Amino acid sequence: MLKMTFIKTISLFLLLILSACGQSDNLGQPQLTPEQVSLGFFEAIYVDRDVEKAKKFVAADIQDVMDHYHIASAVQRHVLGLSMKQVTMSIDEIDIDFFRKFTDDVTVIVKMQGLKGGREWIDDRTIRLHKIGNTWIIVEILQEKGRIEG
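Note that the sequence shown covers residues -24 to -1, 1 to 126 in mature numbering (1 follows the signal peptide of the UniProt record, and there is no 0).
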């Protein structure tokens, strides 16, 4: 009997340890990094052209603005200030380091390559993300100071 109680206790302990190892939200979904949130948002707008999909990555006030424009091409033009097609993107820079678990605000620069007006174009967009609980969301799309033409 003592051996069976010991096995149950060890099993419960191991289950608790394993469940604490992976980061996930309340729905059991893995937590996204700031990089994944940033790329997810831009891919939803530029690749999938799906405003509803993009809204899950942004704060409520940005969602309201996106609702006003309805379609991805309008969001590209009026919210992001950059209409492009056939876009590929990557993280150019992120102002976060080893101590990422201790910070709640980060700035990410996403580099985009594609066609603008039928011509090759390279540009970037800077966004600010805030951590709410365990979830990163985009809270600001920063105005661009310059652009890079490809």
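From the three backbone atoms N, C-alpha and C, an ideal C-beta is built for every residue, glycine too.
These numbers were taken from a predicted model, which means no experiment stands behind them.
For residue i, which three-state DSSP category applies?
i           : result
residue 42  : helix
residue 130 : Because the chain is modelled from -24 through 126, residue 130 falls outside the range shown and cannot be assessed.
residue 61  : strand
residue 86  : strand
residue 15  : helix
residue 113 : strand
residue 99  : strand
residue 107 : strand
residue 1   : Confidence is the limiting factor: at residue 1 the pLDDT is only 46, short of 50, which leaves the residue's position unreliable, though a coordinate-based value still follows. Here residue 1 sits in coil by DSSP.
residue 119 : coil
residue 132 : Absent from the structure is residue 132, since the part of the chain shown begins at -24 and ends at 126.
residue 80  : coil
residue 32  : coil
On the criterion of 16 or more Cβ atoms from any shown chain inside 10 Å, does residue i qualify as buried, or is it exposed?
i           : result
residue 14  : buried
residue 19  : buried
residue -11 : Residue placement at residue -11 is poorly supported in this model, since its pLDDT is 49, which falls under 50; the coordinates still yield a value, given next. The residue in question, residue -11, is exposed, as its Cβ has fewer than 16 Cβ neighbours within 10 Å.
residue 8   : buried
residue 17  : buried
residue 90  : buried
residue 92  : buried
residue 78  : exposed
residue 52  : buried
residue 36  : exposed
Just confirm the distance between the C-beta atoms of residue i and residue j, as a whole number of angstroms; I'd bet it's less than 8 Å.
i           : j           : result
residue 71  : residue 86  : Not really, about 13 Å apart at Cβ, beyond 8 Å.
residue 115 : residue 11  : Incorrect: roughly 16 Å between the Cβ atoms, too far for contact.
residue 120 : residue 57  : 7 Å
residue 55  : residue 117 : 7 Å
State yes or no: is the C-beta of residue i nearer than 7 Å to some heavy atom of the ligand MG?
i          : result
residue 53 : By its list of ligands, the structure shown contains no ligand whatsoever, and the ligand MG lies outside what it can speak to.
query: Does the count of Cβ pairs from the segment 36 to 45 and the segment 88 to 106 closer than 8 Å reach three?
result: Contact between the segment 36 to 45 and the segment 88 to 106 is absent, because fewer than three Cβ pairs lie under 8 Å.
*Can we say the segment 18 to 32 touches the segment 47 to 61, given the rule of at least three CB pairs closer than 8 Å?*
Flag = yes, the segment 18 to 32 and the segment 47 to 61 touch.
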